[in-house]
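Enquirer: Residue numbers (this note's numbering): 5 to 237. By construction, the Cβ of each residue, glycine as well, lies at the ideal position given by its N, Cα and C atoms. Nothing here was measured: the structure is a model prediction, and the numbers come from that model. Below is a structure I'd like to ask you about.
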Amino acid sequence: MTEAGSPAPPRPRVLVNCAISLDGKLAYAGGARARLSGPDDLRRVQALRAACGAVLVGAGTVRHDDPSLRVHWELLGAPPGREPLRVILDSHEGIPERSRVLDGSRPTLLATPRDSRGRYPAGVEIWRSPGTRVELAPLLGHLAGKGVERLLVEGGATVLASFFRERLVDELTVYVAPVLIGGASAPSLLAGEECPDEARTIPLERTGVEPMDDGVLLRFRPRPRAASAAHPL
Ligand SMILES: NC(=O)c1ccc[n+]([C@@H]2O[C@H](COP(=O)([O-])OP(=O)(O)OC[C@H]3O[C@@H](n4cnc5c(N)ncnc54)[C@H](OP(=O)(O)O)[C@@H]3O)[C@@H](O)[C@H]2O)c1
Numbered sequence: 005m006t007e008a009g010s011p012a013p014p015r016p017r018v019l020v021n022c023a024i025s026l027d028g029k030l031a032y033a034g035g036a037r038a039r040l041s042g043p044d045d046l047r048r049v050q051a052l053r054a055a056c057g058a059v060l061v062g063a064g065t066v067r068h069d070d071p072s073l074r075v076h077w078e079l080l081g082a083p084p085g086r087e088p089l090r091v092i093l094d095s096h097e098g099i100p101e102r103s104r105v106l107d108g109s110r111p112t113l114l115a116t117p118r119d120s121r122g123r124y125p126a127g128v129e130i131w132r133s134p135g136t137r138v139e140l141a142p143l144l145g146h147l148a149g150k151g152v153e154r155l156l157v158e159g160g161a162t163v164l165a166s167f168f169r170e171r172l173v174d175e176l177t178v179y180v181a182p183v184l185i186g187g188a189s190a191p192s193l194l195a196g197e198e199c200p201d202e203a204r205t206i207p208l209e210r211t212g213v214e215p216m217d218d219g220v221l222l223r224f225r226p227r228p229r230a231a232s233a234a235h236p237l
């Protein structure tokens, strides 16, 4: 339900998945790609992609990591099957023409503001958003209209902040790698606005913990903010 009491418009179930260091970093200094997952976690992520109708990242991730966002069926020991739609959020800076998500090998949807001058190869579906940035709720409505029931959001830090701040996340899985990265320029899980106090935190409920590779896999779902209880100390 919306705050006005009307039913919420249909949208896919949104699953967020990422890998972090023990100190919460998604990447190395300046955003350089960090390969934090071990073999079991890599396989888990491939299975997750295969189970979703679409997989989404922001332009920053495309510029830093150049991911293919394909399913690596060979890691699953399975014959190639249906692949998720690759969805990229690109506001203004654009993504390199030779990005792997633009290689035409699998369907890609580029979500960009209406006034954006970005140019993309033929074969890439363009979805124009109202506003000066890609608005997530209408985009999710568009994906639901295309039959996407589960959307996997893989990052990066700015996109994750938008999804969490707009309360559009249903599940979060985080692989925590046994490594510390440190420094101020390595991005942590959530970018976006500053958090001055508890009122602006995003409360989560733990739904699972399991050892994975040499690290640990944590599962959460967002929970409503509880009335603030007196702190014991
Ligand atoms: N460890 C992991 O699991 C993992 C996974 C993915 C990424 N990463 C890391 O994350 C880093 C990239 O993160 P990032 O924060 O720089 O970039 P990002 O979150 O991937 O992309 C952010 C960009 O998306 C575009 N955008 C359009 N509409 C948006 C909206 N409503 N909300 C948010 N973004 C929107 C903007 O593009 P414009 O720039 O065009 O304005 C924005 O700058 C890299 O270091 C990468 O290695 C790590």
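In angstroms, rounded to a whole number, what distance separates the CA positions of residue 191 and residue 30?
Expert: Residue 191 and residue 30: Cα-Cα distance of roughly 6 Å.
Enquirer: Return yes when at least one heavy atom of ligand 1 lies under 8 Å from the C-beta of residue 107, else no.
Expert: no
Enquirer: State the DSSP-derived secondary structure class of residue 175, mapped to helix, strand or coil.
Expert: strand
Enquirer: DSSP on residue 65, reduced to helix/strand/coil?
Expert: Helix at residue 65.
Enquirer: With a CB to CB cut of under 6 Å and the five nearest residues on each side skipped, what residues in its chain are close to residue 54?
Expert: Setting aside the 5 residues that flank it on each side, residue 54 is surrounded in the same chain by 75, each with a C-beta closer than 6 Å to its C-beta; the list follows chain order.
Enquirer: With DSSP collapsed to three states, give me the class of residue 166.
Expert: helix
Enquirer: Starting from the C-beta of residue 18, find all residues in its chain whose C-beta is less than 7 Å away, skip the five residues before and the five after it, and write them out in chain order.
Expert: 155, 157, 167, 172, 173, 174
Enquirer: When the Cα of residue 205 is compared with those of 169, 177, 222, which residue comes out closest?
Expert: 169
Enquirer: Using alpha carbons as the reference points, say which of 162, 147, 67 lies closest to residue 14.
Expert: 147
Enquirer: Quick one: any contact between the segment 31-38 and the segment 199-215, if contact means 3 or more CB pairs under 8 Å?
Expert: no
Enquirer: Select from 52, 115, 40 the residue whose C-alpha is nearest the C-alpha of residue 62.
Expert: 115
Enquirer: Between residue 113 and residue 89, is the Cβ-Cβ spacing less than 9 Å?
Expert: yes
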